[in-house]
Amino acid sequence: MTGTTVEQVLANRRWAVSQRPFPHVVVDNVFQPGFYEELVGVVRQVVTSDSMKNSTEHDIMIKPMTRADSWPLGFFFGQPWQQAVNAVFRLPATGHFSGAIHHHVVGSASGYPHNDLRSDWLTGTTHSITPRAQKRPHAVRGVAVLIYLANPPWRPGDGGEAGLYRSAADQVDRAARFVAPVNNRLLAFPCSPLSFHAFRTNRRRPRNSLVMWTHQSTEALIDQWRQLLGIGVL
Amino acid sequence: MSDDRRRVCLLTGASGRLGIAFCRRYASQYDIIAVTGRRPLPVPTQYQRWVDPLDTEADLPANRHPVYHLQADLRDAAERRRVVEVAVARFGAVDLLVNAAVISPRSAPLIATDPSMDEVFAVNSVVPLRLAALLAEACWLGATWSTCPVCTVPGSARWTGSWPDTAPPRPR
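Protein chains in written order, with the working numbering: chain A, -13 to 220; chain B, 40 to 211.
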């Protein structure tokens, strides 16, 4: 499948860009069935193996994606995919990329509203943006992408949604919008000081997803937000 | 009010099946104020537009007739007044009220004993009446109408998926 284009794997090219509570897209039936099934096969294999590790920050099991991953996960490391995702939000992509397979066992604890605004492309670990310029990373997360897959059919009350919030102080159950983990659904948003989101506990069914972050220039992000937030010095 | 002004429709329950279908069918003919609760509204709005990720500058036909989206809990009197005030401030007047926000009981409710009937009655009957009264105060008192400017969908009715080809006649 080497050389497969973004156009060939996308089944849905009508992406609804919503501005509230912060810019985001939710796309159903995003991938062609063949590509989706290939992703499902890989995710199921990983989830049933012993290669996943517990996150130190969230109640979640993680298997990082790496550049050594072959098709189909390797597709997401390609510039065309990252450029397409960033273009929806008019962000230039830097080429830095990170991603992982996430598995929430039934009853995983709810998270807390956070904005994902970090850098993790260099060492595989995460770094908060520091106000000290000399410690500032070159690039930070640009667009966060969640792709739900290999899950049982979702029904209201199952939980496991991604909540989108107006504030970090919002309660997890009081999201401005909940995005349910429906198979072959993509949720994406540019990471910003206001992109508050959280996992809501999955009461009845496990939740599997691919999570990935394209990156953007730290300086561009700061320039964009300094004036908007009324911050004089970052 | 000139005759060539686009007519303005206040639609409740816009994120339900009927409301979504109404938006898609009539957004090219009406300025629609689409009122929803917390559910997303899968039509173009002032906050939402469609983008082709492989051609983000493309002028997609799906974006040509956005509705004006308001989130509100219409059981709340202050929220109803806010909706009417915003609608009149934004469009000058409202010509038609379509109440598509309904609660449909799963089984026939027992009017005498079922406590959920209070909620059904409030949403299906009281809210449309209150909204119509507010709109009458704001826009309709003194006007002469050829047809009733209020349409309310009863909870027992089921939309069959077909619409008339023409919009209702305008008030005179």
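Built from N, CA and C at the ideal position, the CB exists for glycine as well.
Inset, instruction - Leaving aside the five residues before and after A/Glu147 along the sequence, list all residues of the same chain whose C-beta is less than 7 Å from its C-beta, in chain order. - result: Only Phe164, Val165, Ala166, Pro167 and Arg186 meet the Cβ criterion.
Legend entry - B/Phe160 - containing alpha helix (DSSP H), residue span: Boundaries of the alpha helix (DSSP H) around B/Phe160: Ser155 to Phe160.
Legend entry - At least three beta-carbon pairs within less than 8 Å, the segment 62 to 69 of chain A to the segment 86 to 103 of chain A: Result no; under three Cβ-Cβ pairs closer than 8 Å.
Legend entry - 6 Å CB neighbourhood of A/Gly145 in its chain, flanking five on each side removed: Within the same chain, Cβ atoms closer than 6 Å to the Cβ of A/Gly145 are found at Arg186, Thr187, Asn188 and Arg189, the five residues on either side in sequence being excluded.
Legend entry - Contact list for B/Tyr79 against chain A, beta-carbon separation under 8 Å: The residue asked about is misnamed: residue 79 of chain B is Pro in this sequence, not Tyr. Within 8 Å Cβ-Cβ: Ser4, Val12 and Arg163.
Legend entry - Classification of A/Thr34 by the beta-carbon crowding that lies within 10 angstroms, buried from 16 upward: Flag for A/Thr34 reads exposed.
Inset, instruction - Take A/Tyr22 and list the residues in its own chain whose beta-carbon comes closer than 7 Å to its own, dropping the five residues that flank it on each side. - result: Around A/Tyr22: Leu135 and Asn170.
Legend entry - A/Ala130 to A/Asn194 span [Cα, whole Å]: For A/Ala130 and A/Asn194, the distance between alpha carbons rounds to 16 Å.
Inset, instruction - Using a threshold of 7 Å, state whether the C-beta atoms of B/Ala217 and B/Val127 are closer than that. - result: No statement about residue 217 of chain B is possible, as the shown extent of chain B runs from 40 to 211 and does not include it.
Legend entry - Any C-beta of chain B under 7 Å from that of A/Val(-5): With a threshold of 7 Å between beta carbons, A/Val(-5) makes no contact with chain B.
Inset, instruction - Give the residues of chain A in contact with B/Ala221, contact being defined as C-beta atoms less than 7 Å apart. - result: As displayed, chain B neither begins before 40 nor continues past 211, which places residue 221 of chain B out of reach and without an answer.
Legend entry - Beta-carbon proximity check, A/Ile87 vs A/Val29, cutoff 7 Å: Yes, they are a contact pair.
Inset, instruction - Consult DSSP for A/Gln202 and reduce its assignment to one of helix, strand or coil. - result: DSSP places A/Gln202 in strand when its eight states are reduced to three.
Inset, instruction - Starting from the N-terminal side, write out each stretch of the alpha helix (DSSP H) that is 4 residues or longer and does not extend beyond the segment 29 to 117 of chain A. - result: Residue ranges of uninterrupted alpha helix (DSSP H) with 4 or more members, entirely inside the segment 29 to 117 of chain A and ordered along the chain, are 65 to 74.
Legend entry - Segment limits, beta strand (DSSP E) that includes A/Phe185: Under the DSSP assignment, A/Phe185 falls in the beta strand (DSSP E) whose first and last residues are Phe182 to Phe185.
Legend entry - Proximity test, Cβ basis, 7 Å: A/Val231 and chain B: The requested residue 231 of chain A is not part of the displayed model; chain A covers only -13 to 220.
Legend entry - Through-space distance from A/Pro7 to A/Asp156, alpha-carbon basis: Cα to Cα, the separation comes out at about 12 Å.
Legend entry - Beta-carbon spacing of B/Arg103, B/Arg169 below 7 Å: Contact flag unset, no.
Inset, instruction - Would you please verify whether the beta carbon of A/Val158 is less than 7 Å from any beta carbon of chain B? - result: Using beta-carbon distances, A/Val158 does not count as an interface residue toward chain B, since no partner is under 7 Å.
Inset, instruction - To the nearest angstrom, report how far apart A/Arg127 and B/Val122 are at their CA atoms. - result: Cα to Cα, the separation comes out at about 38 Å.
Inset, instruction - Ignore the nearest five residues each way along the sequence and tell me which others in A/Asn72's own chain have a CB closer than 7 Å to its CB. - result: Only residues of its own chain outside the window of five on either side were considered, and among them Pro78, Ala79, Gly128, Val129 and Thr200 have a CB closer than 7 Å to the CB of A/Asn72, listed in chain order.
Inset, instruction - Could you tell me which of A/Thr204, A/Ser41, A/Asp209 and A/Gly20 sits nearest to A/Ala125, measuring between CA atoms? - result: Taking the Cα of A/Ala125 as reference, the smallest distance to any Cα among A/Thr204, A/Ser41, A/Asp209 and A/Gly20 is reached at A/Thr204.
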